[in-house]
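Take 1 as the starting number for the sequence shown in the UniProt record's numbering and just add one per residue. C-beta atoms are modelled at their ideal positions from N, C-alpha and C, and glycine is treated no differently. Note that the coordinates shown come from a computational prediction; the quantities given were computed from them, not determined experimentally. Structure, as structure tokens:
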Amino acid sequence: MVTCPEGGGERRRVPLAFLPPSLLPPVVITWPVSRGRRRRRFPGFPPGPPRSSRALLLLLLLRRPGRMALVLRLVLRGRCRAGGVPAPAASLYLALRPAEPPPWPGLRPPVCQFSANANSKKPLSALVSKVKYLNEKYERFLERTFPRFYQLYSTFLKGFWIFFTEMKEIRRIKANMSYRKIQFHQLPYREMERLRQFRRDLIKAIPVGILSLPPFANYLVLLLMYLFPRQLLIRHFWTSKQQAEFLDTYHSMRKEAYPEVVDGLMNLSRSLADSQHRKQMLDLCKKVQEGCHPDVRELTAVRTLFVGHPFGIQQLRVQQLKVLSRVLFLTPRLPSLFLRYRLQSHIAELHHLDQAMLKLGVGQLTDEEVQAACYTRGLNSVHLSPLACRLWLAHWLTLSCSLKDAETSLLAHGMVLLSINFPSSSKG
């Protein structure tokens, strides 16, 4: 029963069963207390008071419906209207019905949907700007206080960033090759050259990484990198001064093998059966030994001799193979079988690069790319002007692209014949 006040102040009793759910008054559910004012724990109930009256009522109805020791206090919040029944603020039906699911995200207002992301971006951008400011401040401090250390520090960061960018580019090239199902020699020139150089850098960096694996060995490796940067660091971590110095050093080591290559050619030329071919080869070797720069037509005139015996890759003597390996920066301390295979694969790779470069055009290359291409093909381009490098590279492409795959032995010897007497200092 519900006691409802009338308009004149009298109260009348209305059966609870006859009230609709929307008109039921609010329900306040309390625990029965004992004399010690401690809350009673009913069997089967979790310890402690429930979070809401709805949860308590559901537990009582589902678990112990016969032992409902609750006091239902029906509190009226307002006076009766024309119908004589008050309009409550909440009802027992609202307390007993299950919770409604949250609205579909698409129906939510845009403020609720985007405000969290907008607010989360503000601290992130502020943090990034703060880190940049502190980094610039630290770099200015190093540059002002420790200039030599700052040079090493900036070179290392720049080299690491370039190496990371190149790794991403190599990954893209590899994925493109796998997707298009093409081989190395079918790539454009720049991608082919990048793959070739990255492979050489990786071969140089792998031993250093293996040495750094033991505990506390990385400190020793860092010290060795500082003391021997040419032997342990790749080109990305060299300064501009170190790069010019190290390239000169490498070329001086390579140039020591040039006279041995010419002497080997002269010795092999004496064993030729054809007198005309023997005379052509001897005149060519003698001209180079006298300090004259040979013409490309003189090399193409004897191209057929470098297919079989005695100038072909498969017919060369072991000593000549070792000398040519030094010219290509390959280790000569390998068995003859491996020397022939490595020499032939590197010369074939260089031949494919020349064909891709001719397709691209020398005029499309930058000065740095032209100088790097000349250095790879045996010419010390560190102290040469870009115009001289382009002139020499044009002569080289004339020779390389006129040869067949079986005549690549002339390409290995041509690295020496075309660069040994070329002016080494024309940079202005």
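Start-to-end residues for the alpha helix (DSSP H) that takes in residue i
{"i": "VAL221", "result": "217 to 227"}
{"i": "GLY209", "result": "189 to 211"}
{"i": "ILE234", "result": "Taken as a continuous stretch (DSSP letters only), ILE234 belongs to no alpha helix (DSSP H), as it is neither H nor E."}
{"i": "TRP161", "result": "147 to 180"}
{"i": "PRO259", "result": "258 to 269"}
{"i": "SER252", "result": "240 to 255"}
{"i": "LEU330", "result": "LEU330 -> no alpha helix (DSSP H), and no H or E assigned at all."}
{"i": "THR300", "result": "296 to 300"}
{"i": "ARG278", "result": "275 to 289"}
{"i": "SER409", "result": "408 to 417"}
CA nearest to the CA of residue i, picked from the options
{"i": "PHE311", "options": "ASN267, ASP354, GLU290, ALA348", "result": "ASN267"}
{"i": "PRO259", "options": "LYS279, ASP367, LYS286", "result": "LYS286"}
{"i": "LEU387", "options": "ILE313, LEU365, LEU360, LEU399", "result": "LEU365"}
{"i": "ARG340", "options": "HIS351, ASP354, GLN319", "result": "GLN319"}
{"i": "HIS277", "options": "PHE306, LEU379, LYS255, ALA257", "result": "PHE306"}
{"i": "GLY414", "options": "ASP295, LYS132, LEU360, LEU391", "result": "ASP295"}
{"i": "TRP238", "options": "SER269, TYR219, TYR153", "result": "TYR153"}
{"i": "LEU227", "options": "PRO215, PRO188, GLN242", "result": "GLN242"}
{"i": "PHE163", "options": "SER178, SER400, LEU202", "result": "LEU202"}
{"i": "CYS389", "options": "LYS255, LEU330, SER424", "result": "SER424"}
{"i": "ARG342", "options": "SER409, ARG303, LEU127, SER400", "result": "SER409"}
{"i": "LEU321", "options": "ALA412, LEU391, LYS168", "result": "ALA412"}
{"i": "THR165", "options": "HIS236, LEU224, ASP248, PRO332", "result": "HIS236"}
{"i": "GLN344", "options": "VAL131, ARG200, ASP405", "result": "ASP405"}
{"i": "LEU337", "options": "THR155, GLU349, ARG317", "result": "ARG317"}
{"i": "ARG190", "options": "VAL382, HIS383, LYS359, SER129", "result": "LYS359"}
{"i": "ALA244", "options": "ARG180, HIS383, VAL131, LEU127", "result": "HIS383"}
{"i": "LEU350", "options": "LEU399, LYS255, PRO335, MET225", "result": "LEU399"}
{"i": "PRO332", "options": "SER275, ALA175, ARG254", "result": "ARG254"}
Same chain, Cβ closer than 7 Å to residue i, neighbours up to 5 away in sequence not counted
{"i": "SER402", "result": "THR300"}
{"i": "ASN421", "result": "VAL288, GLY291, CYS292, HIS293"}
{"i": "TRP396", "result": "ARG377, LEU418"}
{"i": "LEU393", "result": "VAL362, VAL370, ALA373, CYS374"}
{"i": "GLY308", "result": "GLN315"}
{"i": "VAL416", "result": "TYR258, VAL261, VAL262, VAL327, GLY378"}
{"i": "LYS158", "result": "none"}
{"i": "VAL208", "result": "VAL221, LEU232"}
{"i": "LEU142", "result": "PHE149, TYR150, TYR153"}
{"i": "LEU324", "result": "VAL261, LEU343, ALA412"}
{"i": "ARG303", "result": "LEU403, GLU407, LEU410"}
Neighbourhood of residue i by C-beta distance below 8 Å, restricted to the same chain and skipping five residues each side
{"i": "ALA205", "result": "ILE234"}
{"i": "ILE170", "result": "ARG194, LEU195, PHE198"}
{"i": "HIS352", "result": "PHE184, HIS185, MET192"}
{"i": "LEU187", "result": "ILE173, MET177, LEU195, ALA356"}
{"i": "ALA348", "result": "ASP405, THR408"}
{"i": "ILE210", "result": "none"}
{"i": "THR249", "result": "ARG230"}
Residues near residue i by beta carbon distance below 6 Å, same chain, minus five either side
{"i": "ASP367", "result": "PRO386"}
{"i": "HIS251", "result": "ASN380"}
{"i": "HIS346", "result": "LEU328"}
{"i": "PRO229", "result": "none"}
{"i": "THR155", "result": "THR239"}
{"i": "LEU330", "result": "ARG342"}
{"i": "LEU265", "result": "CYS285"}
{"i": "PHE246", "result": "ARG230"}
Curious, which full-length alpha helix (DSSP H) runs of at least 4 residues does the segment 342 to 387 contain? 367 to 376
Entirely within the segment 298 to 322 and at least 3 residues each: give me those beta strand (DSSP E) ranges in chain order. none
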